Every structure is written in structure tokens, then in C-alpha cells.
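Heads up, the thing below is written out as C-alpha cells.
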Ligand SMILES: Cc1ncc(COP(=O)(O)O)c(C=O)c1O
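Residue numbers (our numbering): 22 to 322.
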């Protein structure tokens, strides 16, 4: 670990190894933490964040839907992100931020204090391979996506990721890269940390919001696809749709589009023709070479 790395923590810049939580903190012991992750790209005028406004809106919505109070406004957080990128001299990479209750949770379950905020700048690396959209394999998980009436699935809450862990683990044990989950209603939802799309008869389809996280990549792909003549549909899909799809891909901030080359016992050309067009479109957007979507890369100042 590069011990010169600095973490923005409640307004201070502290060494990476000092950014820790007490074991009995509410955030750790009760998993009352929310987070956001988004990409930093090197632009002609310096680093820019991919749709930071949407990511910070989602962070605020996560806090609100869980009845938690943020200590900083979206504007203050965007300034803090710029400072974190600057002091760490980061080029291409990810920003990960965690907001949580750091007070001990011995008796009290409901706290009223504002959330602590930590912002980490994580440079691209051999391990992350951010621009390496390799084809992946996927299975239908035996686990169901948590029901939206049990916890708000639209919140990017750490506690929701036990469900994600189980689906990923189940997939890995069965020899697949990822697991795709249906909801408890039986309809297709999403992967552990990725939205899912299918292409059928030239139409790009993805499950509607309500049972899935509002992925910023998902939103961006749905908004950009019509610009290259690809029709889109947010619709209820049964898992059966995966077995009859022409193409399948997943989307996630780290790697924008991952084509699925194998789903259960079916093999696909990956990327297929529509997925290829979308990958090229997203790559151009992220390389600052598609002026139609230039507002999506927000300069850090
Ligand atoms: C459950 C879940 N769905 C979808 C996504 C993709 O969202 P985004 O495109 O904003 O990264 C994530 C990202 O971590 C996720 O955790």
C-alpha cells in the first residue's frame, strides 16, 4: 500500500492507514453505512468525474431513504472529491466514499447524529483493470434479490451487500464469474454489483427500477443508446428471457459494459453486434471524443 495516500475524512486529509473505524461503531457493528463509487478520467483540461452530480444525488437519496443525515452538501462533497484527487495526484481511477455512524452501537439502534464521511482516491491498477472489458460468464443465482419492502434496494447501503456477496459466492463456487438474481417475485432483478441488460430482436431491455439499484451506468446506457439508433425498453423480464436473449451484458461504474460470453450452458458471441456498438459508444464518451455527452464528464475544480 502506498503510505503517502491521503484520505479526505470529515474535512481533514489523513493518512490512508489512519482511516479506520472502531469495531463497535454503528457503521461497522450494524452495517449502517452507505457508499458511492464513480470513475475519474483524464481529460484535456485535467481530471474529470463521470456523472458525479448523479452519484452524489444517489448518495443523498440513500441517506434520506434510510432516515440518516449527511453532514455535507453535494457541493461540499464535490469540492472534497476534487481536493482528494488533487492531493493524491490521481489520474484514471475510482473515487469511493463511505458515509457512516462512527459512534459505538452498544445499546442504541437509532442514532440522530450526522454521518461521518470518508473519501478514498483509488488509482487504476493491474488488479482493477478499469478499461478492460473482458467477456464474462454468468449464471442464474439460487439467491433472490432482497425484496424492496424489506430494505430500500435503491439505497447503496453496505448492509445490502450480504445478499450480493452470497450471489457472487454461489456463482464462483459453480465456476461462473457472476450470478444474476431474480427478485422474490420471480422476475429478473440484477447482479451482485452490476445491472443487467439483454438484447432481443434488436431491442435493448433491462428490468425497471423499483427492484434494482438505480445504476448510473444503466441510466447512461439507456440515455445514450437511442443516439446510435438502438431502441430501449425498461420492462419486467422473467429469468427465462436470459435463456432466449440474443445478447446479454452487465454494466457497472468500474467497467462500463461487460459482455456475457456464457450464461448457464449457453455460449454467446461476446461482445455481440449491439453490445459492440454500445461499448464503442461508451468508450468514446469516456475518452472525451463524443461531444453529445460531454456534460457527463465533470471537471474537478
Ligand atoms: C447492486 C448494484 N447494482 C448495480 C450497480 C451498478 O451501478 P453503477 O452503474 O452506478 O455503478 C451496482 C454498483 O456497484 C450495484 O452495487
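Beta carbons: idealized from backbone N, C-alpha and C, even for Gly.
Computed from a predicted model, the values in this text were never measured in an experiment.
Cα-Cα separation, residue i to residue j
i	j	result
residue 334	residue 234	Because the chain spans 22 through 322 in this model, residue 334 falls outside it and cannot be assessed.
residue 112	residue 26	14 Å
residue 267	residue 257	17 Å
residue 290	residue 219	13 Å
residue 309	residue 127	50 Å
residue 297	residue 265	19 Å
residue 204	residue 186	16 Å
residue 198	residue 162	11 Å
residue 63	residue 137	29 Å
residue 152	residue 129	44 Å
residue 38	residue 51	22 Å
residue 106	residue 78	20 Å
residue 360	residue 121	Here the chain has residues from 22 to 322 only, and residue 360 is not among them.
residue 53	residue 239	26 Å
residue 178	residue 222	36 Å
residue 132	residue 124	9 Å
residue 108	residue 73	19 Å
residue 93	residue 293	43 Å
Closer than 8 Å: residue i CB and nearest ligand 1 heavy atom
i	result
residue 211	yes
residue 186	no
residue 2	With the chain represented from 22 up to 322, any question about residue 2 goes unanswered, as that position is not in the structure.
residue 275	yes
residue 255	no
residue 161	no
residue 237	yes
residue 62	no
residue 168	no
residue 27	no
residue 322	no
residue 102	no
Can you confirm whether the stretch 293-312 touches the stretch 278-285 when touching is taken to mean that 3 or more C-beta pairs between the two stretches lie within less than 8 Å? yes
Mind pulling the alpha helix (DSSP H) runs of 4 or more residues that sit fully within the stretch 171-230? 182-194
List in chain order: all unbroken beta strand (DSSP E) runs of 3+ residues lying wholly within the stretch 240-304. 253-255, 268-272, 278-284
How do the stretch 46-60 and the stretch 159-174 stand: do at least 3 beta-carbon pairs fall below 8 Å, yes or no? no
Take every Cβ of the stretch 81-94, pair it with every Cβ of the stretch 142-149, and state whether three or more of those distances are shorter than 8 Å. no
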